[in-house]
Amino acid sequence: MILSGEQDSLIGPIRPLTAGETECASTFDAHLRRRYAVIPDASPPRWPAWSLLAGVGAAAALAVFSLVRYPANLHDPVAPASLIALGAMIALYLGFAGWALRRPRTGRALGTLVGLAAAAAWSVEIWAGGPAKLDRPVEQAVGGTFALLAVAVTVAAGVLAGVRIHDPGAALRAGLFTGLSSGVAVFCFAVVMTLTNLDVLGTRDDYRRQFATGGSHAADMATFLVGDILAAGVAHLVINLVLGLIGGGLGALAASWVSRPGTAATR
């Protein structure tokens, strides 16, 4: 270590720093500390996996309750196929939740939060076409707008994660959990909304026409509505998951492109 005023064999005498040079050096050192601060290696949270597990459990419980409360749906000719599809999706969602619990990774928290936002948009679309009983033009405008918003938000989650985190794996996980969380949230909302608004839904002209002419084997309107919403809920479990995976794939491509040395150098 060489002190001010001492002689160095290579660079000669060392002069003391002036007040201005000392201040400049301190400012530069503080900038380096902020720019290259060491970030603690915190483990990714497990709450996204726990929340998905709770949501899947709630969805399964609602499905069982609906079928026990309206057992005539089990006698429908398409009931076996519907039950197989429902069971397969519940098992798939449970598998993803268990995998996430065992191996927490980045991207899932962002995906879960964005998925809930997408589920809120889907819920508005479902409500507008159900108990809200809006005028037909307003119903179509509100439903179409929020359906498109839900699709855009779901797909955007993976892309956002890819651009921000620069990790293709994180982008895929964000997209996956966006689809999972939105799918299970929409399923739960749709079933609860139907069970609590059967009287209102039964007065809608379009549902009455479907019940009368759609070839339904349901004995009454309530059974028809519950069976219809269970089928729609299973469809959302599939659709939302596919949309999330599409967004995750696009996000992985974006992360790979952003992380390229040539791209990073031009940013």
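For reference, each letter of the sequence shown is one residue, going 1 to 267 in full-length UniProt numbering. Every residue gets a Cβ at the ideal spot worked out from N, C-alpha and C, and that includes glycine.
Residue i in three-state terms, based on DSSP
i: P48; result: helix
i: P104; result: coil
i: Y93; result: helix
i: P80; result: helix
i: A132; result: coil
i: A212; result: helix
i: A218; result: coil
i: S66; result: helix
Selection from the options that minimises the alpha carbon distance to residue i
i: A222; options: A59, S66, P137, L113; result: S66
i: A121; options: Y70, I165, G144; result: G144
i: Y70; options: A117, Y207, L198; result: L198
i: E139; options: I126, V226, L241; result: I126
i: A255; options: W50, G129, G175, P80; result: G175
i: L230; options: I90, D206, A252; result: I90
i: L83; options: A118, A235, V258, A252; result: A235
i: A109; options: V192, D228, A170; result: A170
i: V258; options: I246, Q210, I165, D205; result: I165
i: T154; options: G129, L243, D205; result: L243
Integer-rounded CB distance, given that residue j should sit under 8 Å from residue i
i: P137; j: L201; result: The pair is not a contact, with the Cβ atoms about 20 Å apart (cut-off 8 Å).
i: R173; j: G233; result: The pair is not a contact, with the Cβ atoms about 24 Å apart (cut-off 8 Å).
i: residue 299; j: A72; result: Summary: the structure shown does not reach residue 299, with the chain confined to residues 1 through 267, and so no result is reported for it.
First through last residue of the alpha helix (DSSP H) which encompasses residue i
i: V124; result: 108 to 128
i: R204; result: Counting along the chain, R204 falls outside any alpha helix (DSSP H), and DSSP gives it neither H nor E.
i: S182; result: 168 to 196
i: D228; result: 221 to 258
i: P137; result: 136 to 165
Contacts around residue i, its chain only, beta-carbon distance under 8 Å, and the 5 residues preceding and following it disregarded
i: L52; result: Y93, F96, A97, A100, T112, F177, L180, S181, V184
Same chain, Cβ closer than 6 Å to residue i, neighbours up to 5 away in sequence not counted
i: P44; result: P104, R105, T106
i: H217; result: D76
i: L253; result: none
i: A150; result: A118, A121, W122
Residue i at chain B interface by Cβ criterion, 8 Å
i: S256; result: In summary, chain B is missing from the structure at hand, where a single protein chain is found.
Residues of its chain near residue i, where Cβ-Cβ distance is below 7 Å and the 5 sequence neighbours each way are ignored
i: S123; result: V186, F189
i: R204; result: K133
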